[in-house]
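Per this note's numbering, the sequence shown starts with residue 821, numbered consecutively. Structure first, commentary second.
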Amino acid sequence: LTFLALGYLSSPLFVALFQFVLLSSALFSRPLLNRHFTSEQYITLLTISCGSAITSLSTGPFSPTTVAGNWLGTIFGVCVVLVEITLVGFGNVYFENLLKNKPESVWERSLQLCFFSTLYFYGALVYQTREKSVEFMWQWTGPVWALCILGALGGILVVVVLKHADAVQKGVAVSVAVAVSVVLAQAFLDESGSIWAAFGALVVLGGLGLATRTFVVGRGKVKADASSSPRV
């Protein structure tokens, strides 16, 4: 779905739309994990998603141009992204449910996911090698191996976060990381910069402030009320 959407949308627009997977994870947390969010918490998540999306749009042109050059392709690309956001949000919450409510360990779940991913990508690599009539793994240079190792380590970190935190907190961390990386890249690699990147970063910081008040402080109040309530 990612490759299909990128065929009709620009990369900044795709990344911006994908930031709203945070809301998808929150919505699926209620039926799958019986986790309830207040309207204020939903507004907080929406603020963080919007801020990260604005920061992502500042990285390049995001006019709704498509391969076909019409709005119909753009609408189709947006619909593909929405479907992917829904599936990813469901997958995050469902995987969190498996990690927390099933006897299998983190490493067992990681090996299961790695096994099926390896089969898929190995088949794609073999097909690409035969299609282009080149040597097997001919473009696997040192930097490519380094990126693969970093990606594998990142996958392990995601599993650990889902095990000890939750999918919504992971989504918040990803949105903040996207905003911070864009701002740092424009500050140190691009002399021109963008006021939209700064504005988006400020919105993300405001969302983090709201998250501290609505999630952390609110959770503490709930625990305090539960501990102070009389026992029957």
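Note that the Cβ used here is the ideal one computed from N, Cα and C, for glycine as well. The model shown is predicted, which means the values in this text are computed figures rather than measured ones.
*Inter-residue CB distance, Val1024 and Val996 (contact presumed, cutoff 8 Å)*: 6 Å
*Taking the C-alpha atoms as reference points, what is the distance between Lys1041 and Ile895?*
Any reading at Lys1041 must be qualified, since the residue scores a pLDDT of 41, below 50, and its modelled position is unreliable; no value is offered.
*Between the beta-carbon of Ala1031 and the beta-carbon of Thr864, is there less than 9 Å?*
yes
*Decide if Val1037 is buried, meaning its Cβ has at least 16 other Cβ atoms within 10 Å, or exposed.*
Here Val1037 scores only 47 on pLDDT, less than 50, and its place in the model should not be relied on; the value that follows carries that caveat. Exposed, since its Cβ has fewer than 16 Cβ neighbours within 10 Å.
*What is the residue span of the alpha helix (DSSP H) that His856 lies within?*
Element bounds for His856: n/a, residue is neither H nor E.
_Within 9 Å, strictly: CB atoms of Val1002 and Thr875_ = yes
_Counting C-beta neighbours from all protein chains within 10 Å, is the total for Leu833 16 or more, i.e. buried, or is it exposed?_
buried
*Closest by C-alpha distance to Val998, when choosing among Leu837, Gly827, Val903, Ala825*: Leu837
*Any chance the CB of Gly897 is under 8 Å from a heavy atom of the ligand PLP?*
Questions concerning the ligand PLP fall outside what the structure shown contains, since it holds no ligand whatsoever.
_Under DSSP, the alpha helix (DSSP H) around Phe1065 begins and ends at which residues?_
In this structure the chain extends from 821 to 1052, so residue 1065 is not present and cannot be described.
*Near Ile905, what residues of its chain come up, given a Cβ to Cβ distance below 7 Å and the 5 sequence neighbours on each side ignored?*
Phe838, Phe840, Val841, Ser844
*Within its chain, find whatever has a CB closer than 7 Å to the CB of Asn921; leave out the 5 residues flanking it on each side and keep chain order.*
none
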